[in-house]
């Protein structure tokens, strides 16, 4: 797959943006790659990052987003927390050359697509690579994060954006399996497959901060079940509130199932309990999980 | 650490018992090792199992537990589902020589300790190695399952059993970090650290058997969060019902936390939500998880 861009900038040099930069070079991207934003620590680590041949990952790095060589860009990737996206979309619409495309990596789309379209028209396609890690910042970034993964593309409400083919090619260059979903559908699905499990893992643990007797009695099952609760509380507050209607709906559905299983437990109803657990086990076997 | 037994039998040749047999040989145990029980498939695979030097793992294998060389045993390990334990404890009390020790690997202790003591006196010490896998049967068994793990030992209600030192030495020979807990405390802790998370993972998935649109939208977070719901529904029905009071209590506590977080979501209360998530994240950092 040939990458359709050669003058790319990434705003946001944390786990997601940093890993994306590393993955681009690891997959052989030879064009210009500028980075901006991020903490002094992220910028420092990004400046030292090299590809396998010892070449710097970035063509240039800027603490201030305004210093980016805007007029040269053909593709801008916004890898910043959800709360900052709209202001960068505005900036992009003011500074980018007319042919440059834009994407973001946001976990919740909400009104983002409408805003992006109104500002950038069909040059904007929203992306969501379904990857993550409990790490934070460029120090946790790794090209391997973008391995064996799916990436959702959200065309605008007016139908496929002009940029869709190019942005799709960009992700395919990075090995993604692509899914096309409209923004609303994306948010409803993510409420079920990502936001609710995060909320449950956090809520599960929130009661255990004082229960010392539990801390050395955990096995590998609990380690894996609770891994997503090691994620950033500030980022997850933004995500959960950004998608609170859909998450609320999934939460109400989950509580109904929980009430069911609680009743089976109370009445020591082994047959119903086993059927219920078997339904959960069966549902899991239908999911297509990434291999590692 | 020297192993204090040289004539060991394992009843149950599934994931747990099979892995234990493999781990014993991998750690250099050179004594007799008999196996009994299990499906024809498990017995077939056990008969073919060899250590690194090509020697058979088992000294002898028996489809019928009655065929075991009972009079020769100095240690009997019950690696059978919870529902079968009491009948094997009775059998052990009838057939074992007076000096032989007995343990089990049960996830719930309940009345087991009282029964074991009444039948076997201080020759019985209950064990619970905190390991697991979604695999089943000897075909999924692996010595590596018993690696970097903790093992709980439950002395009887009358205080430390005579067998405690020997059974402790047995697990230390197999590299376990030991925890000593009374049976009731064990069950209360496991309700929180193992049984509730399993129940939540099953309940989370139980609603998704028909929601096709979710199945190809899962990332690594959901894969890990839901891994424990790939476990055996029949076994987990026994475990959850065997510990249903303590599990019920943890479930009620969890539902209170869930109601809290639901209110934060409804009122878009970002500050409280972030504090709540941070509590969960903080609690997770206190747990001592096995490294892999």
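Chains as they are written, first to last, in the working numbering: chain W, 7 to 298; chain E, 7 to 298. Here a beta-carbon is modelled for each residue, glycine too, at the ideal position from N, C-alpha and C.
Neighbourhood of residue 208/W by C-beta, 6 angstroms cutoff - its chain only, sequence neighbours within 5 removed:
Indexing the first chain from 1 puts residue 208/W at position 202. So the qualifying residues of the chain are 235.
**Asked** Where does the unbroken alpha helix (DSSP H) through residue 292/E begin, and where does it stop?
**Response** Along the second chain, read from residue 1 onward, the residue named residue 292/E stands at position 286. Taken as a continuous stretch (DSSP letters only), the alpha helix (DSSP H) holding residue 292/E covers 276–292.
| query | Going along chain E, which residues have a C-beta under 8 angstroms from residue 247/W? | reply | Taking the first chain and counting its residues from 1, one reaches residue 247/W at position 241. 271, 274, 276 and 279, listed in chain order.
Open item on the list: Beta-carbon within less than 6 angstroms of residue 144/E's beta-carbon, same chain only, minus the 5 sequence neighbours each way: which residues are those?
Closed with: Sequence index remark: in the second chain, residue 144/E carries index 138 (1-based). Here the set comprises 19, 24, 48, 51 and 52.
In chain W, what lies closer than 9 angstroms to residue 234/E by C-beta?
By 1-based counting over the second chain, the position of residue 234/E is 228. Per Cβ cutoff of 9 angstroms: 227, 228, 230 and 231.
Exercise. Would you say residue 160/W reaches chain E, if we count a Cβ-Cβ gap shorter than 8 angstroms as a contact?
Worked result: Sequence index remark: in the first chain, residue 160/W carries index 154 (1-based). No, no contact with chain E.
task: Note down the Cα distance separating residue 107/E from residue 168/E, rounded to an integer number of angstroms.
output: What you label residue 107/E is simply residue 101 of the second chain in a count that begins at 1. What you label residue 168/E is simply residue 162 of the second chain in a count that begins at 1. In a straight line, the C-alpha of residue 107/E is about 9 angstroms away from that of residue 168/E.
Of the residues 126/E, 248/E, 60/E and 63/E, which one's Cα is nearest the Cα of residue 190/E? Stepping through the second chain from its first residue, residue 190/E is reached at position 184. Taking only the C-alpha atoms, the option nearest residue 190/E is 248/E.
With residue 156/E as the anchor, note down where its beta strand (DSSP E) starts and where it stops.
Within the second chain, numbered from 1, the residue matching residue 156/E stands at position 150. From DSSP, the beta strand (DSSP E) with residue 156/E extends over 156–160.
Whole angstroms are fine: how far does the CA of residue 224/E sit from the CA of residue 217/E? Along the second chain, read from residue 1 onward, the residue named residue 217/E stands at position 211. Along the second chain, read from residue 1 onward, the residue named residue 224/E stands at position 218. Cα to Cα, residue 217/E sits roughly 13 angstroms from residue 224/E.
- request: Express the C-alpha separation of residue 267/W and residue 39/E in angstroms, rounding to a whole number.
  value: Position 33 of the second chain, counted from the start, is the residue given in the question as residue 39/E. Position 261 of the first chain, counted from the start, is the residue given in the question as residue 267/W. Approximately 41 angstroms, taken between the alpha carbons.
| field | Helix, strand or coil at residue 68/E [DSSP, three-state] | value | The residue given as residue 68/E occupies position 62 in the second chain. Correct three-state label for residue 68/E: strand.
| Considering residue 177/W, what are the terminal residues of the alpha helix (DSSP H) in which it resides? | For the purposes of this step, residue 177/W is taken as the residue at position 171 of the first chain. Residues 170–179.
Cβ of residue 285/E within 8 angstroms of any chain W Cβ: Here the question's residue 285/E lines up with position 279 in the second chain. Yes - at least one Cβ of chain W is within 8 angstroms of the one on residue 285/E.
>> DSSP three-state label for residue 242/W, please.
In response: Counting from 1 along the first chain, the entry for residue 242/W is found at position 236. Reduced to three states, the DSSP call for residue 242/W is helix.
Query raised in the report: What's the gap between the Cα of residue 159/E and the Cα of residue 222/W?
Result: What you label residue 159/E is simply residue 153 of the second chain in a count that begins at 1. What you label residue 222/W is simply residue 216 of the first chain in a count that begins at 1. If I take the Cα positions, the gap works out to 14 angstroms.
Q) On the premise that residue 125/W lies in contact with residue 86/W, defined as a C-beta separation below 8 angstroms, what is that separation, rounded to the nearest angstrom? A) Locating residue 86/W in the first chain gives position 80, counting from the first residue. Locating residue 125/W in the first chain gives position 119, counting from the first residue. The pair is not a contact, with the Cβ atoms about 16 angstroms apart (cut-off 8 angstroms).
How far does the alpha helix (DSSP H) with residue 97/E in it reach, from first residue to last? Against the second chain, residue 97/E aligns to sequence position 91. Counting along the chain, residue 97/E sits inside the alpha helix (DSSP H) bounded by residues 91–101.
Minimum Cβ-Cβ distance from residue 115/W to chain E less than 8 angstroms: Mapped onto the first chain, residue 115/W falls at position 109. For residue 115/W, no Cβ of chain E is located within less than 8 angstroms of the residue's own Cβ.
What's the call for residue 120/W, buried or exposed, on a 16-neighbour Cβ count within 10 Å? Within the first chain, numbered from 1, the residue matching residue 120/W stands at position 114. With fewer than 16 Cβ atoms within 10 Å of its Cβ, residue 120/W is classed as exposed.
Pull up the DSSP beta-bridge partners for residue 16/E, would you. Taking the second chain and counting its residues from 1, one reaches residue 16/E at position 10. In the DSSP output, where bridge partners are listed per residue, residue 16/E has 41/E and 83/E.
Just checking, does the segment 240–257 of chain W make contact with the segment 192–206 of chain E on the three C-beta pairs under 8 angstroms criterion? no
TODO: Spell out whether any CB of chain E is found under 8 angstroms from the CB atom of residue 157/W.
DONE: Position 151 of the first chain, counted from the start, is the residue given in the question as residue 157/W. No, no contact with chain E.
Fill in: Cβ neighbour criterion (16 or more within 10 Å) applied to residue 134/W
One-based indexing of the first chain puts residue 134/W at position 128. It counts as buried.
Cut-off 6 angstroms between Cβ atoms - residues of its own chain near residue 42/W, not counting five sequence neighbours on either side
Working through the first chain from its first residue, we reach residue 42/W at position 36. So the list reads 17, 68, 71 and 74, once near-sequence residues are dropped.
- prompt: Relative to chain W, which residues along the segment 181–212 of chain E have a C-beta separation below 9 angstroms, given in chain order?
  reply: Cβ contacts with chain W: 183, 185, 187, 191, 192, 194, 195, 196, 198, 199, 200, 202, 203, 204, 205, 206, 207, 208, 209, 210, 211 and 212.
**Prompt:** Of all the CB atoms in chain E, is at least one closer than 8 angstroms to the CB of residue 142/W?
**Reply:** Taking the first chain and counting its residues from 1, one reaches residue 142/W at position 136. Closer than 8 angstroms: no.
| message | Would residue 37/W and residue 14/W be called neighbours here (beta carbons separated by less than 8 angstroms)? | response | If you number the first chain from 1, residue 37/W lands on position 31. If you number the first chain from 1, residue 14/W lands on position 8. Yes, they are a contact pair.
ask   = Roughly how many angstroms lie between the CA atoms of residue 138/E and residue 289/E, to the nearest whole one?
value = Mapped onto the second chain, residue 138/E falls at position 132. Mapped onto the second chain, residue 289/E falls at position 283. Distance between the alpha carbons of residue 138/E and residue 289/E: 23 angstroms.
Next item on the list: Identify every residue that forms a DSSP beta bridge with residue 130/E.
Entry: The residue labelled residue 130/E in the question sits at position 124 within the second chain. In the DSSP output, where bridge partners are listed per residue, residue 130/E has 108/E.
Query - Through-space distance from residue 185/W to residue 285/W, alpha-carbon basis - result: Stepping through the first chain from its first residue, residue 285/W is reached at position 279. Stepping through the first chain from its first residue, residue 185/W is reached at position 179. Their backbone Cα atoms lie some 26 angstroms apart in a straight line.
* Are there 16 or more other CB atoms within 10 angstroms of the CB of residue 294/E, so buried, or fewer, so exposed? -> Within the second chain, the letter at position 288 stands for residue 294/E. The residue is exposed, with fewer than 16 neighbouring Cβ atoms inside 10 Å.
Using beta carbons (cut-off 8 angstroms, strictly below), is residue 26/E in contact with chain W? As a position in the second chain, residue 26/E is number 20, starting the count at 1. Output row for residue 26/E: interface = no.
To the nearest angstrom, how far is the alpha carbon of residue 283/E from that of residue 231/W? Position 277 of the second chain, counted from the first residue, corresponds to residue 283/E. Position 225 of the first chain, counted from the first residue, corresponds to residue 231/W. Whole-angstrom Cα-Cα distance: 16 angstroms.
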